[in-house]
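Counting from 2, one number per residue, gives the positions in the sequence shown under my numbering.
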Amino acid sequence: MDKPERSAYRWVALFTVLFGLFTYGTITTVISASLKTVADDLDTSTNSLAWVITGPFLALGVGNPIFGKIGDIYGRRKFFLIGMVLFTVASLGCAMAPNAGSLIALRALAGVGASAATPNGIAIVLDAFTLEERPKALGWFNLFGVGAPAIGLAVGGLMVDALGWRAVFWIYGAISVAATLVAVFVVRSTKPGMSEPIDYAGAAALAVATLGVALGLTLGGSRGFGDPLVLGVLACGPLGIWLFVTIERRIEFPLAPLAYFSEPNFAGPLFGYFAGHVTYMGAFVITPILLRDGFGYSEAAVSAVLIMRPLSYSLTSPFAGTFTARVGNRPAAMTGAFPLIAGAVAFVVGAHTTSIAIIVIGLVLSGIGLGVVTPPYMSSLTGAVRTSELGLASGMLQMSASLGTVVGIQLAFMLLGDAKPHESSDFLTPYAVGIGAAVVMLCFSSLVRRSARARRAG
C-alpha cells in the first residue's frame with residue numbers, strides 16, 4: 002500500500018469502525034435512561050431488569066482480552082465483523098423480547114458481540130496508523146466512543162416516550178446492519194496473524210477471575226457481602242488470578258505473556274485505567290441520587306446536568322490525542338490525572354456545601370481528566386506489545402475499564418447506604434474514596450515512560 006493510499010485508508014478505517022461501535026455505546030444509555038419504563042412494560046422490577054445494563058458489562062469484561070487475542074491470531078477483520086453481526090442480531094432480537102429473562106439474555110449476547118468487535122476494531126485502527134500517529138486517532142476514537150453514551154443519555158427518554166422502547170431497538174438494529182455492511186466493503190484484512198495455538202486454559206482462568214470479581218461485586222450489592230453465594234463467587238477472583246499466573250508461566254504460547262506486566266508502559270496504563278474508572282463511574286452513578294434527593298431536581302434536570310461529563314470527555318479527546326503526540330505519553334497521562342483528582346475533590350465540596358455549581362465543575366473536570374488520560378494510556382500500552390498483539394492489548398485495557406466500572410459502581414452504592422431519601426452528607430464518604438482512587442491513577446501514570454518502547458516485530 003503506497004503512502005497516499007495508506008493515508009486515506011487509515012481515516013476511512015477509523016470512522017468505519019467508529020460507525021460500527023457507535024450503536025453499542027448509544028443504545029446502552031438509551032435503555033438505562035428508561036429502565037423503569039421497560040420494567041413496567043415487561044411486568045418486572047427495575048432491580049431485576051438492571052441486569053440488562055450489568056450483563057453486557059460483564060460480557061465485555063470477560064470477552065475483551067480473549068476475543069482480542071483470538072482476532073490477533075485468526076484475523077481482526079473477521080472477528081470485528083463476527084462481533085458486529087452478533088450484536089446486530091441480538092439487538093434486533095431485543096425488539097421482540099417477550100419477557101425480562103429473554104431481554105437480559107439477548108443484551109448479554111449483544112455484550113459478547115461488542116466484546117469481539119471492540120478490541121478488534123481498535124486494533125484495526127491502531128494497525129492503520131503509525132506509532133506516532135496513534136494518539137491522534139485514539140483522540141477521535143474517544144470523541145465518538147464517549148459521545149455515543151452522551152447522545153443516548155440526552156435523547157434516551159425522549160425516544161422511548163415518543164416511539165416506545167421496542168422501536169428503539171429496531172432503529173439501532175437497522176443502524177447496526179448498515180454499519181456492518183459498510184465495514185464488510187471498507188475494512189481491509191490485516192497481515193496474517195501469529196501462527197500459534199489459542200491459550201484456552203489461560204483464557205478460561207482469566208474469565209473465572211474477571212467474572213468472579215465483577216459478578217461477585219454485582220451480587221454483593223443486592224444480596225449483601227456476607228451471603229455465602231456472594232463470598233463463593235468473589236473467591237473465584239483470586240483463585241482465577243492464581244490459575245492464570247500458574248498457566249501463563251508454564252505454557253509455550255501464553256494468552257498474555259507475564260513479562261508484559263513488569264513493563265511500565267503496559268502495567269501503568271492497565272492498573273491506572275482501572276483506578277480511574279473506579280473514580281469516574283463511582284461518582285457518576287451516585288450523583289443523580291444527590292441531585293434528586295439533595296437538590297430536588299427533576300429527571301429532566303438531572304439528565305441536563307449529567308450530560309456535562311460525557312460531553313467534556315468526548316470534546317476533550319481529540320485535543321488530548323494531539324497533546325499526547327506533542328508532549329509524550331507520560332506527561333499527558335500525568336496531566337490527565339490532576340483534573341480527575343480535582344473533580345473528585347469538587348464532588349466532596351459540592352455535596353458538603355450543597356452547591357450545584359461545584360458539582361457541575363466536578364462533572365466537567367472528571368470528564369476532562371479521563372478524556373486526557375485515555376489516549377496516552379492506550380498509546381503507551383499498545384506500544385509496549387508486538388504489533389501482532391494489538392488486539393490483546395486493547396482488550397486488556399478495555400477489561401480493566403470494565404472491572405473498574407463494576408468496582409466503582411458497587412463500592413459507591415455500598416458506601417452510600419440504603420437511606421431514602423439520602424442526605425447530602427451521605428455522599429461524602431463515597432466521593433472521598435474517589436479521591437483516593439484518582440490519586441492511585443496518578444501514581445500509575447507516573448510509571449509510564451515518555452516514549453513507548455514498541456515491540457514492532459511479530
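Yeah, the Cβ is synthetic: ideal placement off N, Cα and C, and Gly gets one too. From a predicted model like this one, the values you see are computed outputs, not experimental measurements.
Span separating the alpha-carbon of residue i from that of residue j
{"i": "arginine 11", "j": "valine 18", "result": "11 angstroms"}
{"i": "isoleucine 28", "j": "valine 169", "result": "8 angstroms"}
{"i": "alanine 458", "j": "arginine 387", "result": "Caution applies to alanine 458, whose pLDDT of 44 falls short of 50 and renders its modelled position unreliable; the value that the coordinates give is listed next. Cα to Cα, alanine 458 sits roughly 6 angstroms from arginine 387."}
{"i": "phenylalanine 254", "j": "isoleucine 359", "result": "51 angstroms"}
{"i": "proline 120", "j": "serine 35", "result": "28 angstroms"}
{"i": "valine 126", "j": "leucine 61", "result": "19 angstroms"}
{"i": "leucine 307", "j": "leucine 316", "result": "15 angstroms"}
{"i": "alanine 38", "j": "tryptophan 52", "result": "The amino acid at residue 38 is misidentified as alanine; the sequence shows threonine. Their Cα atoms are separated by approximately 15 angstroms."}
{"i": "arginine 167", "j": "glycine 94", "result": "10 angstroms"}
{"i": "isoleucine 32", "j": "isoleucine 54", "result": "8 angstroms"}
{"i": "phenylalanine 80", "j": "isoleucine 123", "result": "12 angstroms"}
{"i": "arginine 224", "j": "alanine 14", "result": "45 angstroms"}
{"i": "aspartate 128", "j": "serine 395", "result": "12 angstroms"}
{"i": "arginine 331", "j": "isoleucine 74", "result": "30 angstroms"}
{"i": "phenylalanine 1", "j": "serine 356", "result": "What is shown of the chain runs 2 to 459, which leaves residue 1 out entirely."}
{"i": "leucine 232", "j": "leucine 110", "result": "26 angstroms"}
{"i": "arginine 327", "j": "asparagine 266", "result": "18 angstroms"}
{"i": "leucine 448", "j": "serine 263", "result": "11 angstroms"}
{"i": "alanine 305", "j": "phenylalanine 245", "result": "44 angstroms"}
{"i": "glycine 329", "j": "alanine 257", "result": "26 angstroms"}
{"i": "leucine 144", "j": "tryptophan 243", "result": "37 angstroms"}
{"i": "glycine 26", "j": "threonine 247", "result": "36 angstroms"}
{"i": "tyrosine 201", "j": "methionine 160", "result": "42 angstroms"}
{"i": "methionine 309", "j": "valine 303", "result": "11 angstroms"}
Three-state secondary structure (DSSP) of residue i
{"i": "arginine 387", "result": "strand"}
{"i": "threonine 45", "result": "coil"}
{"i": "histidine 423", "result": "coil"}
{"i": "isoleucine 199", "result": "coil"}
{"i": "leucine 230", "result": "helix"}
{"i": "leucine 355", "result": "Position check: residue 355 holds threonine in this sequence, whereas leucine was assumed. Looking at threonine 355 - three-state DSSP - the assignment turns out to be coil, as it is neither helix nor strand."}
{"i": "valine 449", "result": "coil"}
{"i": "methionine 400", "result": "helix"}
{"i": "serine 190", "result": "coil"}
{"i": "serine 299", "result": "coil"}
{"i": "phenylalanine 254", "result": "coil"}
{"i": "methionine 97", "result": "coil"}
{"i": "leucine 132", "result": "coil"}
{"i": "serine 1", "result": "What is shown of the chain runs 2 to 459, which leaves residue 1 out entirely."}
{"i": "serine 304", "result": "helix"}
{"i": "glycine 418", "result": "coil"}
{"i": "glycine 213", "result": "helix"}
{"i": "glycine 26", "result": "helix"}
{"i": "serine 381", "result": "helix"}
{"i": "serine 92", "result": "helix"}
{"i": "glycine 225", "result": "coil"}
{"i": "serine 367", "result": "helix"}
{"i": "glycine 165", "result": "coil"}
{"i": "serine 177", "result": "helix"}
Enclosing alpha helix (DSSP H) for residue i [first to last residue]
{"i": "alanine 117", "result": "101-129"}
{"i": "glycine 435", "result": "429-446"}
{"i": "valine 286", "result": "265-290"}
{"i": "aspartate 73", "result": "52-75"}
{"i": "methionine 309", "result": "309-328"}
Neighbourhood of residue i by C-beta, 6 angstroms cutoff - its chain only, sequence neighbours within 5 removed
{"i": "glycine 21", "result": "Met85, Ala180 and Ala184"}
{"i": "valine 374", "result": "Ala334 and Gly337"}
{"i": "glycine 238", "result": "Ala210, Gly213 and Val214"}
{"i": "methionine 282", "result": "Thr406, Gly409 and Ile410"}
{"i": "alanine 439", "result": "Thr280, Leu341, Ile342 and Ala345"}
{"i": "glutamate 197", "result": "Phe254"}
{"i": "aspartate 3", "result": "In this predicted model, aspartate 3 has a pLDDT of only 49, less than 50, meaning its place in the structure is not dependable; the value taken from the coordinates is given anyway. Closer than 6 angstroms at the Cβ level, and outside the excluded window around aspartate 3, lies no residue."}
Own chain residues within Cβ distance below 7 angstroms of residue i, not counting five before or after
{"i": "methionine 415", "result": "Gly222"}
{"i": "alanine 402", "result": "Tyr274 and His278"}
{"i": "valine 441", "result": "Ala276"}
{"i": "leucine 107", "result": "Ala91, Gly94, Cys95 and Ala98"}
{"i": "tyrosine 432", "result": "Ala284, Ala345, Phe348, Val349 and Ala352"}
{"i": "threonine 323", "result": "Lys137 and Gly140"}
{"i": "valine 113", "result": "Ala60, Gly64 and Leu87"}
{"i": "alanine 118", "result": "Gly21, Leu22, Phe81, Gly84, Met85 and Phe88"}
Cut-off 8 angstroms between Cβ atoms - residues of its own chain near residue i, not counting five sequence neighbours on either side
{"i": "leucine 50", "result": "Leu36, Val39, Ala40, Leu43, Ala101, Leu104 and Ile105"}
{"i": "serine 426", "result": "Ala352 and His353"}
{"i": "histidine 423", "result": "Ile290, Leu291, Asp294, Gly295 and Leu417"}
{"i": "proline 340", "result": "Leu366, Ser367, Ile369, Gly370 and Val373"}
{"i": "tryptophan 171", "result": "Leu93 and Ala96"}
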